[in-house]
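Start counting at 1 in the sequence shown, then tack on 721, and there's your number in this note's numbering.
Here a beta-carbon is modelled for each residue, glycine too, at the ideal position from N, C-alpha and C.
None of the values given here were measured: they were computed from a predicted structure.
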Amino acid sequence: MGNHPVLPDIQSEPAKVPIRVKKVGLVRIRLPYASVHFGDGVIVVQRPLLTVYVDLPKSQRGIHASRSYESVFKVVNQSTFSGLRLEDICAQVAEELLSKHEYATNSSCELSGEIFRVSKAPTSMVESYEAIPVWAYSAAERLDGRVRTRRGIGVSVSGVTACPCAQQTVKTLAEWEKNSIIGDDKIVGTHMQRTVTSVRLFLVDGETVDLLDLADLVKECMSAPSYEALKRIDEGRVVLKALSNPLFVEDVARLVAAQVSKRYRSLDNRTRLTIRVRSIESIHSYDLEARLSATLGEIRESLRNQL
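Now the structure itself:
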């Protein structure tokens, strides 16, 4: 091996404009897979994407981007089937980023991917693969020689919502026009849509929840669940369930907030919950969305004060 020339370190040059940049990093790093610890087992996250950032002081021109990729590769390669939780992997990457970028004081790592499980249709019990998008996050801060990390986890779940407004309008019009095809006053037709609910928890002091359990909780808060495979009898059951439980996206957001605060009573009141409910509308040319963000303490206080 011959000697290499001394290469210039352009990144370490003084910044042309001395302004701190809050985030500089690599976006959507593709990985073959990552293993995640759930309870007593290990589940593989498919097609994970990682985004990592560090801050850049005003005195330095650029970050050393290869160090960011090296941080991701080192942690993910070592964590394979090690029993780490998803948010722990992100925390280790964030800490490794600060170790390699000695000039940085803040870092973050965000991971998104999918986990798969087998689900069964409600009546025929036909099986299909259910894909659940999952999310994890960690931010690290270097302060007084110590590194402090914060973690977050989340899921996205698809389901069905039935519009309660249109349902009551249909009922009123049908009664006024003496439409005899409606025989049950409790189940009346309305427009339905696929609705995607994304939930994220920004955790306190290393607490966590089971992502599959969280996904099931979110699914229960919609008019009806959705499935990959349905026989005719199952389609009928899903439609009847949705029609008997019509919900606005606002209803879904509030129900999720209430159920998370009740089911995970051990989570700290400072834990922040963010919810995004998006209805892919069937009779409108636009979509509808509701967003809710609050600490669990704020949600619990609202529920205590409800009439």
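Same chain, Cβ closer than 8 Å to residue i, five either side skipped, listed in chain order
i	result
Gln980	Leu938, Glu941 and Cys942
Ala755	Val765, Val766, Pro769, Val797, Ser800, Thr801, Leu807, Ile810, Leu832 and Gly834
Asp1008	Arg999, Ser1000, Ile1001 and Glu1002
Val847	Lys841, Ala950, Leu951, Lys952 and Asp955
Ser868	First, the amino acid is wrong: residue 868 is Val here, not Ser. Same-chain partners within the cutoff: Glu816, Leu819, Ala861 and Glu862.
Tyr790	Leu747 and Ile750
First through last residue of the alpha helix (DSSP H) which encompasses residue i
i	result
Pro885	Pro885 to Trp897
Ser982	Val970 to Arg984
Lys737	No alpha helix (DSSP H) holds Lys737; DSSP gives it neither H nor E.
Asp814	Reading the sequence as shown, one finds Val at residue 814 and not Asp. Run containing Val814: Leu807 to Lys821, per the alpha helix (DSSP H) assignment.
Glu941	Leu932 to Glu941
Bridge-paired residues (DSSP) for residue i
i	result
Glu949	Glu949 is not bridged to any residue.
Pro729	Answer is none; Pro729 lacks a bridge partner.
Met913	Ala883
Cys830	Val773 and Ser859
Tyr754	Gln767
Ser840	Ser849
Leu864	Arg867
Ile1020	Answer is none; Ile1020 lacks a bridge partner.
Ile996	Val920 and Leu1013
Leu747	Val773
Glu956	DSSP lists no partner for Glu956.
Pro854	Glu835
Val925	Paired residues: none, contrary to the question.
Gln1027	According to DSSP, which records beta bridges pairwise, Gln1027 is partnered with nothing at all.
Ser877	Ser919
Ile1001	Arg915
Arg872	Ser859
The ligand COA heavy atom lying under 6 Å from the CB of residue i
i	result
Ser965	In terms of ligand content, the structure shown is empty, and the ligand COA therefore cannot be addressed.
Spatial neighbours of residue i in its chain, beta-carbon cut-off 7 Å, leaving aside the 5 residues before and after
i	result
Ala815	Ser828, Ser829, Cys830, Ser859, Ala860, Ala861 and Thr870
Phe969	Pro885
Arg1038	In this structure the chain extends from 722 to 1028, so residue 1038 is not present and cannot be described.
Thr844	Ile954, Asp955 and Arg958
Exposure label - residue i; buried when at least 16 CB within 10 Å
i	result
Asp730	exposed
Glu817	buried
Gln914	buried
Trp856	buried
Glu971	exposed
Ser982	buried
Asp689	Since the first and last residues shown for the chain are 722 and 1028, residue 689 lies out of range.
Arg921	buried
Pro726	exposed
Tyr985	buried
Arg975	buried
Glu1022	exposed
Gly866	exposed
Glu1010	exposed
Ser792	buried
Glu851	buried
Thr1042	Given a span of 722 to 1028 for the chain in the structure shown, any question on residue 1042 remains unanswerable.
Ile750	buried
Ile740	exposed
Pro967	buried
Leu728	exposed
Other residues of its chain near residue i: CB distance less than 6 Å, five sequence neighbours each side excluded
i	result
Ile810	Ser800
Ser901	Low local confidence applies: a pLDDT of 48 at Ser901 is under 50, so the model's placement there is unreliable, with the coordinate-based value given in what follows. So no residue of the chain qualifies.
Pro854	Glu835 and Ser877
Gly783	Gln732
Arg863	Leu819 and Thr826
Arg993	Phe923 and Thr1016
Ile1004	His912
Gly880	Thr916, Lys940, Met943, Pro946 and Ser947
Lys744	Tyr774
Limits of the unbroken beta strand (DSSP E) element including residue i
i	result
Ser787	That residue, Ser787, is in no beta strand (DSSP E); its alpha helix (DSSP H) goes Ala786 to Ser800.
Interface flag, residue i vs chain B, CB-CB below 7 Å
i	result
Thr870	Annotation note: the requested chain B is absent from the structure, which comprises a single protein chain.
Using 8 Å as the threshold, is the stretch 765 to 772 in touch with the stretch 835 to 854, meaning 3 or more CB pairs across them?
yes
May I ask you to verify whether the stretch 919 to 938 touches the stretch 881 to 890, counting CB pairs closer than 8 Å and requiring at least 3?
no
Stretch-stretch touch, CB-based, cutoff 8 Å, three pairs: the stretch 947 to 967 with the stretch 980 to 995:
no
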